[in-house]
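Residue numbers (the working numbering), protein chains in the order written: chain W, 10 to 385; chain X, 2 to 1092.
Ideal placement from N, C-alpha and C gives every residue a C-beta, glycine not left out.
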Amino acid sequence: MYKYREEELIIKAILVLEDGFTLIGRTFAGSGEIKGEVVFNTSMTGYQEIITDPSYKGQIVTMTYPLIGNYGINIHDNESKKPQVEAFIVREYCDYPHNWQSEGTLKEYLEQHNIIGIEGIDTRALTRHIRQDGAMKGIISTIDDDIDSLIDKVNNYPGLIGKDMVKHVSCQEEYQWNTEGKYHVVAIDYGIKNSILKMLEENDCKVTVVPANTSAEKILDKNPDGVFLSNGPGDPVSVPYAVKEVKKILGKKPIFGICFGQQILGQALGLSTYKLKFGHRGGNHPVKNLANNHVEISTQNHGFCVELPDKNELKKMGGYLKDLEVTHKNLNDNTLEGFKHTGLKCFSIQYHPEAAPGPHDSRYLFKEFNEIMSEK
Amino acid sequence: MPKRTDIEKILIIGSGPIVIGQGCEFDYSGSQACKALKQEGYTIVLINSNPATIMTDPEMADRTYIEPIEPDIIEKIIVKERPDALLPTLGGQTGLNIASTLHQSGVLKKYDVELIGANFDAIQKAEDRQLFKDVMSDIGVGVLESAHVTTLEAALEFADQVGYPLIIRPSFTLGGTGGGIAYNIDELKDIASNGIYQSPTDQILIEESIIGWKEYELELMRDKNDNVVIVCSIENFDAMGVHTGDSITVAPIQTLSDKEYQEMRNEALKIIREVGVETGGSNIQFAVNPENGRRVVIEMNPRVSRSSALASKATGFAIAKIAAKLAVGYTLDELQNEITYETPACFEPAIDYVVTKIPRWDFEKFPGVKNNLTTQMKSVGEVMGIGRTFKESLQKALRSLEQDRHGWGADGKDIYTYQELTSLDQSEKADMINKIKIKLITPNSERIFYLRYALILGMDIETLYEYTKIDKWFLYNLKQILDMEVELRKSITSTTSDSLKSLDRDLLYQAKQYGFSDKQLAYIFNKDESMIREHRIQESVEAVFKLVDTCAGEFKAYTPYYYSSYEFENESHRSEKSKVMILGGGPNRIGQGIEFDYCCVQAAYALKEENREVIMVNCNPETVSTDYDTSDKLYFEPITLEDVLNICRKEEPDGVILQFGGQTPLKLAFALEKEGINILGTSPNSIDLSEDREKFSEIINKLELKQPPNGIAYSFQQAKKIADRITYPVLVRPSYVLGGRAMEVVYDDAALENYIDKAVELSTEHPILIDKFLEGAIEVDVDAIADGEDCIIGGVMEHIEMAGVHSGDSACALPPYSLSDIIIEEIKQQTKQLAKELNVLGLINIQFAVKGEQIYILEVNPRASRTIPFVSKTIGNSLAKLATRVMLGEKLSDMGLDEYQKTNYIAVKEAVFPFIKFPGVDIVLGPEMKSTGEVMGIDDNFGMAFAKAQMGAGVLLPLEGSVLITVNDRHKADVLPIAKRFRKEGFSLIATKGTADYLRDNRLEVETVSKIGEGRPDIIDYMKNDDIQFLINSPEGKAALKDEIKMRRQALLKNIPIATTIQGAQATIEGIEQLRASKLDVKSLQEYHVD
Ligand SMILES: Nc1ncnc2c1ncn2[C@@H]1O[C@H](COP(=O)(O)OP(=O)(O)O)[C@@H](O)[C@H]1O
Ligand SMILES: Nc1ncnc2c1ncn2[C@@H]1O[C@H](COP(=O)(O)OP(=O)(O)O)[C@@H](O)[C@H]1O
Ligand SMILES: [Mg+2]
Ligand SMILES: [Mg+2]
């Protein structure tokens, strides 16, 4: 077989899903065996942001765009300190990147962190399979080529449902992201992306980042102008401790949640969450802002979603919910993309206004956070 | 809010004839718009002078005006039809310019016509380059330093400030006409003065050069609620300095990080909002400095453009259709994504493949023209290749080009072979590198192949980047293709005797994934293509088909739009329905244009009506045939044996139609038949009969018809013998060519020898054909349909120029305007005889030459001809549709058709030429086709129809002024009556000495003017001073004189109408007489056809 780099040996890699669906490729980075939930992302650019996004913890990510690695890796585009995906699957990896910002290859970067990257996979077939049969557990191996054994392994792997992934990616210690800013924001780190922190900073916030299990008291003690609930990996029901603390903050401080943050806020308000068949991951979903009927092209990255009862049901549900207002809706499948509670001064968004990667259409939401923080 | 109900009737302006820079993409967009708006219940009034378009099919609009796209004419249509709105954004630059004119002259206001899609302000802001820059600076978007000047002095002044090189771009012109790159003061003087002249507003923009930056393009859509989406992003393979239309381009963008891309996107959004394009598509071009990421905006087109067609095909997003709907008030979120059904059109397509567009040039048509690429577009068409990798899509696109290449080299067609280049010694190698370096530094149409030679020679990516500024990512991909080839070659050196036996299956599979064609593999392994195919199938290395679905597989897609690749999963599944496959015509080029696409689309419509599943195969993104809703299934694939067989293996069609796609599919006839594919219509054998000289002569003799005396020669000796027998002048050409490629009239032995030296180099496999050249014969084209028993004549067209001017370049009239009824009848009879003898099933086209009472047969084409749409529009019946039914087995006698009747109106077709783009080229016509497009004029008399055709072609016949006559001795007597008629209409006459003397001897008042070199003021001065309104010039014969060429070029530059034939002059005076005597009226096809 033809090698893209002369000195390298070709290492065959097998991908097996829990239902036995098998594809064979080769590694372009690393080797070994790894399990995770296999998901696809349809963004055509931004592989570096995706790989380093802590929300992908526990997941093996495949890119639907076939050519990956083209513009290399640079230090500015990281969403966290290291790659967070369990493994990375592409159709064709490029080992000769060219871009003025590039500081190295994707292969080097993944290998530095012992992440397996494989190529030569019919990623479209894989995507279609997941679309039809739902997100699935999978295994990639370069050491075991017995398919049955791999199926066994993957089926013995518990997967992500109900599992707390947050604890693997949340910071251990509280830290100060920046020291200047009109608004003091405490950001609860369920796996926060750098670009969210940068957006907050750009929007005149001084951000204190605290671990996911920080108590409400401790947060309120800091008397912040607002509390931010970050994105994060895994099943939102797996972190009841987080929901419990947020509940205590409701009404006391303005709250803004993004993605996992919305799922936490939703639970705190009494809504439930569910797992989407194969999730939303990409940079092209239309989301309608119901306040002005404007459509935003959004960045999406979530496998779970907050249940959306209709208006009447909400009314009947009572409690906080009767005043809950849906603000954003996904036009592809009508799922809930954002809600707010004016009385409690809290709102949240299921998608990613900070983008990275993806369109910047929704960055105004950080301004809205400023606004509710300035209301006295 | 749904569509507007306050407007009912919408006027749509088409883009007119196909010219360089404005191809059939606007037929695609216009057709989509017409269809969409008609569906919405609006009444559509359409104007387009181009009869070859699908959009001018009478069913497409309620009222179809095939009239010149001129402000006065449109005003007449507006007065007559009183439309509520005008949609100007789908007819290219032509449509937009005309709409601006109509707005400025107050016509729109006067008749209460609203501009929809883009308002006048937005058009101004985007199109006026200076205004655009000012606006951009205001909103903080980077632009280049530049000056807008109207005089040469001002241009020079700017140059002093900024330095060279400089880019010159005239305002409001198309495809960079009149622009260029000036590296020094002399070039600046040349280009700037020409540019000022070319611009309709006498303005040019000179600008600092950023040659070598990366070039990008974004396609946007905006609705009235200010929702904006980016439909497609495109990256140019060739760096800034090569016009986008001449660049290889790739979608999506490959080498920008997400941040860089999003910032560009943000800017694009800002720009479209600021310019104020209310609804519809726009495209914005950016340049990015590869050193530091600095970005500037180059230009914006506030309309559907050439790239929109590409973007539509590249993503599956129906840009034109949606733009039309947005223009009438819909918003993006109200419209459905027609591919997924469930999701709205308000999204940004995600694609999971790579699209590569490669332009098609026809430089060899214009001897003496360099194939260098600059900021002025020169390509005449394009192809698109879709693959899962850039490598695959590039190689597919290259083999789609119809230039006898089967991929990126390694196909037996390389100028320098792999073996040659790898066995050079050191000094040879150094020489070769120098030779190749030049070809890399100056962009040219062959550069992509020179990159291959360079890589084989071991030049590294850094060096190639330095020479070409093509992004290293692209160069690396090219290198990978070469590395694969080397790997394949290595596998041969093993000891087994059969080179294929030692070929590892994985390697073969990977080679296919890299886009290697069987032909390339056959060349590398020294086997037949068929052996590679068999081996491949045995090893189950077979193509699969993937869907173009706008969403990268995220949603279920319903639109059957496929491309092939070598992958795990196949997504195209055969249905049980009876199915017919149509092979399209490939890229537009001179000799094969939109006409063939028209026929393919008509066939698709007819097949649908006959309840067949239609499978379309084509690779030209500009076309209607590659619109996914034209057929039941679309395969966007190269039209080669391998690619077509791949589809046949999956689809097993009941039959394949080849005769509508021109020469491209026809070439495959025998090979497909051999593979057991059922060819519908005329059999490959019959096609061969008509193309094989000897066999055809036998038929002519058998039927006792006449052919010009002729012969076939394989050597100069043979050729000379034939020439002696049939006597000079003779017409020579290589066998098997379309569009009269390399065809020449030769007057003596020396010229014959000279020609053969050249021609044999042109094609070693084929002999040359020699015919007696019939001087002064009237050429006649006939289109007919035959079913094996009957034959119905569609139309008999009389050419205006004599035989010797290629039928594609000659104007012609339907019905004939001077031929006697007896001759016409005889021509019809001969057509029927030939159709029967050749066993034609479907269309047949015959070209005759009539000399006195003698009728000669020049050529028989048992297939769709260039004139099918022209005839169909004129007679009001679609010949291609009828022919399709015949091919399915229906009998003409059962179709209730009347024999072709003489109409009481007359249509004239006129050709349109690209000479303006090729400096220094002579504009005289000959047997080699040079036109890129055509227009039609229709009226109730010949003169007016001719005048309209001229107008449509951009030639405004003068109604007064001076006529310059300078003709050779043979034509002096013929020109006399014409000169008299010009006098009678009040024109004054100017002539060069010989002609002037002759006219004066015949009692005409003439002013004598000096020829070039005979003293000043000379002809050129007269033209420059606007003292000449019409020029009659018949060439001196044989080789045209340099001075003559200069004179004709000057006329071209000054846009002075010129007749280079006596017949052309005659028709012109007839047109002028009509224009002076009566009012020009407009009338729609629907009205003509009812009468
Ligand atoms: N300042 C410049 N420096 C170098 N190349 C340029 C510059 N401006 C334009 N070009 C090149 O010329 C081409 C044509 O220019 P553009 O403004 O897009 O005109 P058009 O209206 O013909 O498309 C571009 O595609 C680009 O490659
Ligand atoms: N024997 C001939 N005498 C004069 N003109 C001819 C003769 N044969 C061909 N021509 C001219 O050359 C043109 C091209 O020749 P044709 O055989 O039709 O080639 P093509 O295949 O390119 O259409 C014709 O349209 C006609 O004007
Ligand atoms: Mg341009
Ligand atoms: Mg011909």
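Buried/exposed call for residue i, threshold 16 Cβ in 10 Å
i, result
"residue 138 (chain W)", "buried"
"residue 950 (chain X)", "buried"
"residue 578 (chain X)", "exposed"
"residue 541 (chain X)", "exposed"
"residue 740 (chain X)", "At residue 740 (chain X) the pLDDT is 49, less than 50, meaning the model places this residue with poor confidence; the figure from the coordinates comes in the next sentence. By the 10 Å Cβ count, residue 740 (chain X) comes out buried."
"residue 83 (chain X)", "exposed"
"residue 822 (chain X)", "exposed"
"residue 85 (chain W)", "exposed"
"residue 776 (chain X)", "exposed"
"residue 1052 (chain X)", "buried"
"residue 374 (chain W)", "buried"
"residue 978 (chain X)", "exposed"
"residue 747 (chain X)", "buried"
"residue 1091 (chain X)", "exposed"
"residue 208 (chain X)", "buried"
Residue nearest to residue i in terms of C-alpha spacing, selected from the options
i, options, result
"residue 263 (chain W)", "W:73, W:384 and W:328", "W:384"
"residue 890 (chain X)", "X:211, X:402 and X:842", "X:842"
"residue 123 (chain X)", "X:190, X:303 and X:63", "X:303"
"residue 283 (chain X)", "X:97, X:844 and X:777", "X:97"
"residue 599 (chain X)", "X:694, X:583 and X:612", "X:583"
"residue 129 (chain X)", "X:276, X:391 and X:1073", "X:276"
"residue 262 (chain X)", "W:269, W:284, W:299 and W:366", "W:366"
"residue 546 (chain X)", "W:131, W:326 and W:51", "W:131"
"residue 236 (chain W)", "W:146, W:267 and W:207", "W:267"
C-alpha gap between residue i and residue j, whole angstroms
i, j, result
"residue 1129 (chain X)", "residue 967 (chain X)", "Not covered by the structure: residue 1129 (chain X). The range shown for chain X is 2 to 1092."
"residue 803 (chain X)", "residue 628 (chain X)", "39 Å"
"residue 677 (chain X)", "residue 976 (chain X)", "58 Å"
"residue 769 (chain X)", "residue 667 (chain X)", "21 Å"
"residue 792 (chain X)", "residue 893 (chain X)", "8 Å"
"residue 221 (chain X)", "residue 235 (chain X)", "12 Å"
"residue 173 (chain W)", "residue 250 (chain W)", "11 Å"
"residue 30 (chain X)", "residue 431 (chain X)", "50 Å"
"residue 539 (chain X)", "residue 532 (chain X)", "10 Å"
"residue 995 (chain X)", "residue 868 (chain X)", "40 Å"
"residue 183 (chain X)", "residue 292 (chain X)", "24 Å"
"residue 381 (chain X)", "residue 721 (chain X)", "36 Å"
"residue 363 (chain X)", "residue 83 (chain W)", "44 Å"
"residue 749 (chain X)", "residue 617 (chain X)", "48 Å"
Any non-hydrogen atom of ligand 6 within 6 Å of residue i CB
i, result
"residue 128 (chain W)", "Annotation note on ligand 6: not contained in the displayed structure, which lists ligand 1, ligand 2, ligand 3 and ligand 4 as its ligands."
- Item | Beta carbon shell of ligand 3 at less than 6 Å from a heavy atom | X:245, X:286 and X:300
- Name the residues in the segment 294 to 320 of chain X whose C-beta lies less than 7 Å from a C-beta of chain W; which are they? 294
- Task: Mind checking the segment 377 to 411 of chain X against chain W and listing, in chain order, the residues whose C-beta falls within less than 8 Å of any C-beta there?
- Result: 389, 390 and 391
- With 8 Å as the C-beta to C-beta threshold (strictly closer), list the residues of the segment 72 to 84 of chain W near chain X in chain order. Within the segment 72 to 84 of chain W, the qualifying residues are 73, 74, 75, 76, 79, 80 and 83.
- Item | Members of the segment 343 to 362 of chain X that neighbour chain W once the beta carbon cut-off is set at 8 Å | 343, 344, 345, 347, 348, 349, 350, 351, 352, 353, 354 and 355
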